[in-house]
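Protein chains: 2
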Amino acid sequence: MTDKTGGPLQCPHCGKVVSKFRNPYPTVDIIIRLMSRPEPDNVVLIKRLNPPYGWALPGGFVDYGESVEQTAVREAKEETGLDIKITSLMGVFSAPGRDPRFHTITTVFSAIADGEPKAGDDAGEARIFIKETLPEDIAFDHRDVLNEYFGRLPETYKL
Amino acid sequence: MTDKTGGPLQCPHCGKVVSKFRNPYPTVDIIIRLMSRPEPDNVVLIKRLNPPYGWALPGGFVDYGESVEQTAVREAKEETGLDIKITSLMGVFSAPGRDPRFHTITTVFSAIADGEPKAGDDAGEARIFIKETLPEDIAFDHRDVLNEYFGRLPETYKL
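Taken in sequence, the protein lines are chains P and Z. Following my numbering, the numbering of the first sequence begins with 12 at its first residue and continues without gaps. Following my numbering, the numbering of the second sequence begins with 12 at its first residue and continues without gaps.
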């Protein structure tokens with residue numbers, strides 16, 4: 012097991028390697044659609060300032076004592092400045108190799124927001140894309156997540 | 012933070028309290044419908060041998076390196092002897108108080124299976140219920156989960 016820096020998980024006091032607390036890390040990612048944009052497939056991605064580099068859905072680790080819905084609202088605000096409204100649970104993505112650092116389990120929500128994104132926190136940039144203009148370098152398994160989202164989009168046009 | 016026994020989370024080597032690895036624990040629960048039964052709302056519950064006591068959906072902790080779908084198949088087999096086929100993602104339940112021991116985030120799947128359940132592993136008993144015969148003592152937030160499931164059931168009758 013590795014900690015969040017990629018090394019073996021060590022006790023912060025004695026430095027010994029700890030294998031007892033071997034659980035995947037729960038995370039949340041959010042597919043944000045801006046209601047001010049005419050394209051129904053618009054989505055906000057952020058450019059990561061930390062590895063793995065590239066564009067990614069806004070998201071992050073679930074804090075102890077926080078629900079996944081609270082994480083979604085908090086991370087969207089921190090990374091894009093947007094106040095989101097969750098519209099649906101998109102899926103749970105947990106393949107062990109989906110995050111090159113360690114095993115994470117992400118709960119993905121789709122959401123809507125008004126206004127314009129403004130990069131904050133771990134995001135160097137926040138930009139709006141559509142299906143046809145997705146960037147080449149997308150981190151994690153977020154390209155797969157987005158493809159699954161775009162595939163289901165016709166049924167959510169009414170949102 | 013507490014470990015899986017309910018005490019403060021301690022390093023197994025030096026015994027000091029560890030707060031660095033403060034993440035909720037990812038778990039999985041499975042709503043198993045037996046195809047051999049005529050009632051479309053039949054569901055397999057297990058009687059827990061460990062606290063919190065009571066009846067509960069089969070389920071357990073996600074191992075490091077395991078997908079949530081793999082956890083569902085493994086735990087269903089261990090606790091009920093059934094080979095399940097996952098039919099849908101029911102939801103993600105993550106309210107901090109849903110588990111009295113510590114903060115868990117559960118991914119709930121609905122699934123179908125043939126044959127009859129046989130209690131194993133942490134399950135003292137495995138029994139089939141329907142909506143009207145649910146037991147009084149249901150652990151965790153599994154009554155809420157089941158109510159949400161029963162509420163959606165008409166649309167999944169065709170499965």
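All C-beta atoms in this analysis are idealised placements derived from N, C-alpha and C, irrespective of residue type, glycine included.
Measuring alpha carbon to alpha carbon, tell me which of the options ends up nearest residue i.
i: Glu86/Z; options: Val55/Z, Pro146/Z and Ile149/Z; result: Val55/Z
i: Gly135/Z; options: Lys142/Z, Lys58/Z and Ser47/Z; result: Lys58/Z
i: Ala150/P; options: Gly65/P, Thr144/P and Ile141/P; result: Gly65/P
i: Leu60/Z; options: Glu147/Z, Tyr160/Z, Glu159/Z and Ala137/Z; result: Ala137/Z
i: Thr115/Z; options: Ile139/P, Asp52/P and Tyr36/P; result: Tyr36/P
i: Asp110/P; options: Asp155/P, Val79/P, Pro128/P and Glu80/P; result: Asp155/P
i: Ile139/P; options: Ser47/P, Arg33/P, Lys27/P and Arg112/P; result: Ser47/P
i: Ser78/Z; options: Val103/P, Glu80/P and Leu93/P; result: Val103/P
i: Asn53/P; options: Asp74/P, Lys129/P, Ala122/P and Val28/P; result: Ala122/P
i: Asn34/Z; options: Asp74/P, Val28/P and His24/P; result: Asp74/P
i: Thr118/P; options: Pro128/Z, Ser105/Z and Gly126/Z; result: Ser105/Z
i: Gly92/P; options: Ala124/P, Gly76/P, Gln81/P and Phe113/P; result: Ala124/P
i: Lys142/Z; options: Pro51/Z, Cys22/Z and Gln21/Z; result: Pro51/Z
i: Tyr160/Z; options: Glu127/Z, Lys88/Z, Thr98/Z and Gln81/Z; result: Thr98/Z
i: Phe113/P; options: Gly76/Z, Ala130/Z, Lys96/Z and Gly26/Z; result: Gly76/Z
i: Leu45/P; options: Lys88/P, Glu127/P and Glu147/P; result: Glu127/P
i: Ala130/Z; options: Pro107/Z, Glu147/Z and Lys88/Z; result: Lys88/Z
i: Gln81/P; options: Pro49/P, Pro107/P, Thr38/P and Gly108/P; result: Thr38/P
Please report the Cβ distance between residue i and residue j, rounded to the nearest whole angstrom; I am assuming they are in contact, meaning their Cβ atoms lie under 8 Å.
i: Ala67/Z; j: His153/Z; result: 5 Å
i: Leu100/Z; j: Phe72/Z; result: Not a contact, Cβ separation roughly 18 Å.
i: Pro69/P; j: Ile43/P; result: 7 Å
i: Asp40/Z; j: Glu90/Z; result: Not a contact, Cβ separation roughly 11 Å.
i: Leu145/Z; j: Leu164/Z; result: No, Leu145/Z and Leu164/Z are not in contact; Cβ-Cβ is about 14 Å, not under 8 Å.
i: His24/P; j: Lys27/Z; result: 4 Å
Following the continuous beta strand (DSSP E) through residue i, name the residue where it begins and the one where it ends.
i: Gly131/P; result: Looking at the DSSP string, Gly131/P is not in any beta strand (DSSP E), and its letter there is neither H nor E.
i: Val54/Z; result: Val54 to Arg59
i: Gly126/P; result: Taken as a continuous stretch (DSSP letters only), Gly126/P belongs to no beta strand (DSSP E), as it is neither H nor E.
i: Gly71/Z; result: Gly70 to Phe72
Residue range of the alpha helix (DSSP H) that residue i falls in?
i: Asp155/P; result: His153 to Arg163
i: Arg85/Z; result: Val79 to Thr91
Tell me residue i's beta-bridge partners as DSSP assigns them.
i: Ser99/P; result: Ser121/P
i: Glu143/P; result: None, per the DSSP bridge assignment.
i: Tyr36/Z; result: Thr115/Z
i: Ala137/P; result: Ile57/P
i: Arg44/P; result: Ile123/P
i: Ala67/Z; result: Ile57/Z
Is residue i near the ligand ADP, going by C-beta to nearest heavy atom under 8 Å?
i: Tyr36/Z; result: The ligand ADP is not part of this structure, which contains no ligands at all.
Can you list the residues of chain C that residue i reaches, using a CB-CB cut of under 8 Å?
i: Lys129/Z; result: This model lacks chain C altogether; the protein chains it does include are P and Z.
Output needed in chain order: residues of the stretch 104 to 127 of chain P with a Cβ under 8 Å from some Cβ in chain Z. Ser105, Ala106, Pro107, His114, Ile116 and Thr118
Chain-ordered residues of the stretch 69 to 81 of chain Z with a beta carbon less than 9 Å from chain P: Phe72, Val73, Asp74, Tyr75, Gly76, Glu77, Ser78, Val79, Glu80 and Gln81
Name, going along the chain, the residues of the stretch 150 to 163 of chain Z whose beta-carbon falls closer than 9 Å to a beta-carbon of chain P. none
When you check each C-beta in the stretch 82 to 97 of chain Z against every C-beta of chain P, which residues fall closer than 9 Å? Thr82
Near-chain P residues of the stretch 47 to 62 of chain Z (beta-carbon distance less than 8 Å), N- to C-terminal order: none
Taking any Cβ of chain Z, which residues in the stretch 131 to 145 of chain P have a Cβ under 7 Å from it, in chain order? none
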